[in-house]
Structures are given as structure tokens and as C-alpha cells.
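Novice:
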Amino acid sequence: MTRLNKILLKISLIVLIMVGFGVLKPQDKKELSTIKTQAQDKFISQENDGENVKIIVTPKTLAVGEKPSFNIVFETHSVDLAFDVTQINSLVDQKGRVFDQSIWEGTAPGGHHYNGILTFNEVLSKTEFVKLIIRNVSDIPERIFRWEL
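The numbering used here runs 8 ahead of the 1-based position in the sequence shown.
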């Protein structure tokens, strides 16, 4: 065994012992990165694609003490999107509180591309999660989008 091999063997043993006793944790950096990514992705866009209509929802404002708002995009190539978004949605929190009064600022109903911002009229109370429910779009009774707070 060469001198270099002996040194590398000793270093390898020391590293293994340190990992075994928890002094070095090779996964720590990865775990911290995962936690950071989860925090950043907390309010990522969600999609629901069915019956020829894709709905993409991205929270714009989702914080306690503020009025919840969402960017919503409806996309299709074969269905007429002739509905009033404010009449087909509700927001439900962990306690079962239902928000169903909203304002739509965006494109007018009809056609194949419909998008805008949906803002609820009430401020959000402390809760662990919210669910945005969009009903009866292209024969799908409910499409549910959920975010942890």
C-alpha cells in the first residue's frame, strides 16, 4: 500500500466516523435547499385539465388580513367559455368559512381564452389552508385548487 493510499484510507475512515456520529451530515445542505424550495413554491400555479378546458390558477394575494386574489386562465379549443366567473367559484378555509362574493377583472365571458384576476371581498382570517372551488366548467362539477398557508 502506497503512502498516498494510506492517507486516503485514514481520511475516509475519519469522514465515515464523523458521519456516523452526526458531526457531518451530507444531506443537510440538500434538506435545507428542499425546505427553501417548498417555501418558495407554496403558492405556485396549479392546473386542472379536463373535458377540453384547462384552468390555471396562481395566487396573487394569499395572506391573513388581506383579500385573497388569484390570476386565473381558462384555455380551450372547443368549448365556449360563456360564464360569469364570479358566479361559479367559492373559497373555503380550514374552518369551513366560505367566501363566495368576488370581483372579476379580466376578459369578458365567451370565446376560447378567458383570463383575469378574481378577488374576494372579505379578508382572510388565520387558517392553515384555503381551497378555491370552481364549479360546472365543461361538465365537471368541481375543480379544486388548494394551498397551505
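Yeah, the Cβ is synthetic: ideal placement off N, Cα and C, and Gly gets one too.
Just so you know, these numbers come straight off a predicted model, no measurement behind them.
Please report the Cβ distance between valine 61 and isoleucine 80, rounded to the nearest whole angstrom; I am assuming they are in contact, meaning their Cβ atoms lie under 8 Å.
Specialist: Incorrect: roughly 12 Å between the Cβ atoms, too far for contact.
Novice: Should valine 131 go down as buried or exposed, given a rule of 16 or more other Cβ atoms within 10 Å for buried?
Specialist: The residue in question, valine 131, is exposed, as its Cβ has fewer than 16 Cβ neighbours within 10 Å.
Novice: If you drop the 5 nearest sequence neighbours on each side, which residues of the same chain put their C-beta closer than 6 Å to that of isoleucine 141?
Specialist: Once the five neighbours on either side are set aside, the close Cβ partners of isoleucine 141 are Ser98, Glu150 and Ile152.
Novice: Within 8 Å, do at least three Cβ pairs link the stretch 82 to 96 to the stretch 121 to 129?
Specialist: With the cut-off at 8 Å, the stretch 121 to 129 and the stretch 82 to 96 touch.
Novice: In three-state terms, what does DSSP make of glutamine 102?
Specialist: Looking at glutamine 102 - three-state DSSP - the assignment turns out to be coil, as it is neither helix nor strand.
Novice: Can you give me the Cβ contacts of aspartate 108 inside the same chain, cut-off strictly under 8 Å, excluding the 5 residues immediately before and after it?
Specialist: Excluding residues within five positions, the ones whose Cβ falls inside 8 Å are Asn97, Ser98 and Leu99.
Novice: Let's see if you can read the secondary structure: which residues bound the beta strand (DSSP E) around valine 138?
Specialist: Segment 137 to 145, the beta strand (DSSP E) holding valine 138.
Novice: Could you tell me how far apart the beta carbons of valine 5 and leucine 126 are, in whole angstroms, since I believe they sit closer than 8 Å?
Specialist: The question about residue 5 has no answer here: the residues shown for the chain are numbered 9 through 157.
Novice: Looking only at DSSP bridge pairs, what is isoleucine 158 linked to?
Specialist: This structure cannot speak to residue 158, because the chain is shown only from 9 to 157.
Novice: With distance defined between alpha-carbon atoms, name the residue in Gly73, Arg11, Val65 and Ile19 nearest to arginine 154.
Specialist: Ranking Gly73, Arg11, Val65 and Ile19 by Cα distance to arginine 154 puts Val65 first.
Novice: Can you give me the start and stop residues for the beta strand (DSSP E) that isoleucine 111 sits inside?
Specialist: Unbroken beta strand (DSSP E) run through isoleucine 111: 110 to 114.
Novice: My guess is that phenylalanine 91 and proline 117 are in contact by the Cβ rule of under 8 Å, so how many angstroms apart are they, rounded?
Specialist: Correct: roughly 6 Å between the Cβ atoms.
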